[in-house]
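Visitor: Residue numbers (our numbering), protein chains in the order written: chain F, 1290 to 2104; chain W, 14 to 357.
1. Going by beta-carbon coordinates alone, are residue 2036 of chain F and residue 2052 of chain F separated by less than 8 Å?
2. I need the straight-line Cα distance from residue 2019 of chain F to residue 2061 of chain F, nearest angstrom please.
3. So with Cβ pairs under 8 Å, would you call residue 1862 of chain F a contact of chain W?
4. Of all the CB atoms in chain W, is at least one closer than 8 Å to the CB of residue 2046 of chain F?
5. Along chain F, in chain order, which residues have C-beta atoms closer than 9 Å to that of residue 48 of chain W?
6. Distance, Cα to Cα, residue 1470 of chain F vs residue 166 of chain W?
7. Could you pull out every residue in the same chain whose Cβ sits closer than 8 Å to the Cβ of residue 1768 of chain F, ignoring the five residues on either side in sequence?
8. Using alpha carbons as the reference points, say which of W/231, W/337, W/39 lies closest to residue 1784 of chain F.
9. Within 8 Å (strictly less), CB to CB, does residue 236 of chain W reach chain F?
10. Once the 5 residues before and after residue 1946 of chain F are set aside, which same chain residues still bring their CB inside 7 Å of it?
11. Indicate whether the contact test is met: 3 or more Cβ pairs, each with one atom in the stretch 148 to 162 of chain W and one in the stretch 213 to 226 of chain W, closer than 8 Å.
12. Within 8 Å (strictly less), CB to CB, does residue 1870 of chain F reach chain W?
13. Check distances from the C-beta atoms of the stretch 1751 to 1785 of chain F to those of chain W and list, in chain order, the residues that come in under 8 Å.
14. Within 8 Å of any Cβ in chain F, is that where the Cβ of residue 334 of chain W sits?
15. Closer than 7 Å by beta-carbon distance: list the chain W residues that pair up with residue 1818 of chain F, in chain order.
16. Taking the beta carbon of residue 291 of chain W as the centre, do at least 16 other beta carbons fall within 10 Å, making it buried, or is it exposed?
17. Are residue 1384 of chain F and residue 1407 of chain F closer than 8 Å when you measure CB to CB?
18. Determine the closest residue to residue 207 of chain W out of W/297, W/327, W/241, with distance taken between C-alpha atoms.
19. So which residues on chain W does residue 1316 of chain F lean against when the C-beta distance must stay under 8 Å?
20. Contact between the stretch 1328 to 1344 of chain F and the stretch 1456 to 1465 of chain F is defined here as three or more beta-carbon pairs at a separation below 8 Å; is this criterion met?
21. Please confirm if residue 1475 of chain F has its CB atom under 8 Å from at least one CB of chain W.
22. Short of 8 Å Cβ to Cβ, which residues in the stretch 206 to 218 of chain W face chain F?
23. Flag residue 1685 of chain F as yes if its beta-carbon sits less than 8 Å from any beta-carbon of chain B, otherwise no.
24. I want to verify the contact list: residues of chain W whose CB lies under 7 Å from the CB of residue 1459 of chain F, in sequence order.
25. Measure the C-alpha to C-alpha separation of residue 1796 of chain F and residue 1553 of chain F and round it to an integer number of angstroms.
26. Is the beta carbon of residue 1370 of chain F within less than 7 Å of some heavy atom of the ligand HEM?
27. Kindly indicate which three-state DSSP category residue 1909 of chain F falls into: helix, strand or coil?
28. Tell me, to the nearest whole angstrom, how far the beta carbon of residue 1548 of chain F is from that of residue 1524 of chain F; I am working on the premise that it is less than 8 Å.
29. Taking 8 Å as the cut-off, does the stretch 2018 to 2032 of chain F touch the stretch 1968 to 1978 of chain F (at least 3 CB pairs, one atom from each stretch)?
30. Kindly say whether residue 1811 of chain F, judged by its beta-carbon, lies nearer than 8 Å to any beta-carbon of chain W.
31. Could you give the C-beta distance for residue 1990 of chain F and residue 1852 of chain F, rounded to a whole number, given that I count them as a contact under 8 Å?
32. Our contact map puts residue 1716 of chain F next to residue 238 of chain W with C-beta atoms below 8 Å; I'd like the distance itself, whole angstroms only.
33. Ends of the beta strand (DSSP E) at residue 210 of chain W?
34. Using beta carbons (cut-off 8 Å, strictly below), is residue 1851 of chain F in contact with chain W?
35. Using a Cβ-Cβ cut-off of less than 7 Å, list which residues of the stretch 151 to 162 of chain W approach chain F; keep chain order.
36. Could you spell out the range, first to last residue, of the beta strand (DSSP E) harbouring residue 1940 of chain F?
Shown next as structure tokens:
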């Protein structure tokens, strides 16, 4: 809603309050105003001139030479380039010394040899958006009405000496979609009274009865609680007066004709949308408010033929639909230059019905914007009368006596009970009853002195947003001033804040990853169906969950796996020459087995990571070490070590989709029900690598739910050993496919309790061993807790180990 | 025997004088004082001496040993010193060359900001509640006093999946879930961080996916003045003790009264700058007293308890804090961007 400051001052005295101050006051009261542009964009020394003569320029086809009476001492000679300039017009004339919004300074000049003492201006040159002008005025110079006074300042004539308050309204304050609403709000904030426009009812005394011309029947009273109409006879269609056009333009509405302008003007004034039908086109003078019929169509005023659905409310005459109720009129009953008699509609349509229709048809209008938010039922008839009076005075019509109407429910103001205790208790204030009473009075809410400590507050129908006592608390608070509400600490029992186990573990995971040199990524949770189909084992064949109306194909389904986002991020970085990529992400994937969701999907928290290039950068004294499978696996090992799961997690060769089949491990977590696969770590499959245009990349993705459950951060302290250990190394040649984990497991079993630790410290393959063999070197530490070990004991255990390796792996001791 | 000892001393001291390296010095030590050295050799003859002579010769022998040892020690010390000096000279490094730092990763700036906010509220006795990102219409709208066809639904166009299931448009559904889980107990003091989704064309200041943190407090006597006190404390812990807040009346369907909260401009300290459009204030929060209808949906009797709620966009806080020019940087995962947040 754009509010002209000068127009507003018709309804409330604004003297001493500058537009900016008013904007600040309204904003602090809850009606936000973003901008207060001046209507004068920089016009000075522009006056109204009368074009006495117009001759063709002797040396230029497209120029005219005019003599203009601009109320100056002498007539002016002005060269004009606009094709529409003509003798007898009243036009805006920029005098020598004038300034225009474009920055133009008007000087005496010669145009193709002819002297020009000023300039005749177009609307655009005066800083007026020409789209807001009547169609015939949009091109060329601005032609003013014939009765405009010569020599008058254009700023006065066009009321450019004005500012516009651009309201950014919240949905609850639709009462301020009207000049009167803003006036009431200003009144509440300033204490100055509101002056209502006078509908001049004496005009309506007539022998002609509305009921002789119009009848109204509402067939859907639940969607139209009140319909009223008046009949105006003998109007003469023409332009509306300049003052009205100026106000409409200031509000951002294009003037069209006196009748249409009046409906728009009163809509802006009262917030009540009105519609004028050409009475001659309303069959039988019959207005029926009903639901659209199956297959019914209507051509709306914008020239579109609309297919109507049976739950859309229409206005119909005896034969056909003539308007979409509350949204837009029909072309078949439109007011035209030939119109003489008007049926004027003012009604209250259900907000949700208008909203639904307007949404379904993709058709929004100033009217629908107001009806959607519920108009004031108390203004249906006052607005009708006001518009009828204006049509009579501005279009020469005769208003028939009486209103044709159908009223389902008489609007009653709400009465809400509230106590001083409730107000102060909710706000933390210590207002007195008198202070509160004064604030209610400023709002023009009826509130008698409290009886038994309670007010019964009568809320005018214009404030339909106020329905409960808390709404009154807010009114009191905002008028009293949010700044004046005290600042207090919460009273009551103290509470302790702490992270939940999941939250603490999540922070730990981030800590492990960032300390290992990885950067945290956050990517979109929606992706393309193609991305959601990658890594079948990780997406667990979940049905992708599609958005009903996606903004693009790339963001049309919820992600079922994290890794594709990291692949995209890696590709993005590589094209920007960030060749060493180490990223991780902690986030949810969304799984369901339903084709159409009937219940919420499972949101599974996961950790994913990706390495490509080198984790530690090359320097003057070290080479870049390209990341490999074991870096990725090592990161998981570090995670599980921190979470006390080092012994609960094992890795087994696996061949999940999207991973390199020879370089991938399933990650298994021991649970009460045996080991479960919680994810995979491995090298990206060369096919995917190619399609994402990546170098070798190493990735992992694991489920966190089971990890959260099993994590065991308890520390079990063991006393330090008091007896020395014995260290023995062993190098054996085994088959190339013998698994390291199996070797160490066999060693542990064979060596028994004396073995403290075993670790592989070298793996070697080479020609001397043959293509199918490898050498594995193992370091073992033996120790007894209560005494020093003898050589024999160690040798015995060591011999058992060797025997076991020979037996189970065909190992040969390497010499 | 005494003469032999004296001669040994003279010879030893003489030879020691000319020694020039630690190895030769050690050879001489062994030669004269070793187990099979000259001194031991001479002392073997002690047995043949009389009881009177023995202590005298013994004394001479000790003197000779001490004299030789003293020179040996002095020489050794000199060689050690020279050796250390040589080593120090040889081992000098260019300490201005870069060290071998371990790789340093980084938390995402949104995580950093969220954790900072979380830590402030943890310190104020709040716990952290989380809820699903895919929500039902009931939790996302209806229970928050936004019935179907409510005009306020326009404020946040949503991504629906079915007629009844959508991507949550705010973290507020967690409020309802938390209240329902509390089964009427008080006090409730939680914050709810998480991802939210709105149909918005992405540009420098809008993203269809972003992050919010909401706060919720419910108790028998919670007042709007407590809300102001809480927000002022939060803002001061977040940005410094000089910060002020300013509440402006606003509208949210789930709170009444509602307010938008401005804080002292973090860039100019309130003097006015481009960032705050020369007002000295920056809007960062929405808040209000929980609407009675919302309390009812949460299982509380609005005549018995009151509460407040507040919410903020984490991106907005981060954009302001780091003066980042484009919200889309948060989701591109460009390492040149991410690695700038490696500091504590």
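Just so it is clear, CB atoms sit at the ideal spot from N, CA and C, and this is done for glycine as well. In this text the structure is predicted, and so the values were computed from the model without any measurement.
Guide: This is what the structure gives:
1. no
2. 20 Å
3. yes
4. no
5. Under the 9 Å cutoff, chain F gives no residues; its nearest Cβ is about 32 Å from residue 48 of chain W.
6. 23 Å
7. 1318, 1477, 1478, 1728, 1731, 1732
8. W/231
9. yes
10. 1824, 1825, 1826
11. no
12. yes
13. 1757, 1759, 1760, 1762, 1763, 1766, 1767, 1771, 1772, 1774, 1775, 1776, 1777, 1778, 1779, 1780, 1781, 1782, 1783, 1784, 1785
14. no
15. The premise fails here: residue 1818 of chain F is roughly 14 Å from chain W at the closest Cβ pair, so nothing lies under 7 Å.
16. exposed
17. yes
18. W/327
19. 261
20. no
21. no
22. 208, 210, 212, 214
23. The chain inventory of the structure shown lacks chain B, comprising the protein chains F and W.
24. 263, 264
25. 59 Å
26. Questions concerning the ligand HEM fall outside what the structure shown contains, since it holds no ligand whatsoever.
27. coil
28. 6 Å
29. no
30. yes
31. 5 Å
32. 7 Å
33. 201 to 210
34. no
35. 162
36. 1938 to 1942
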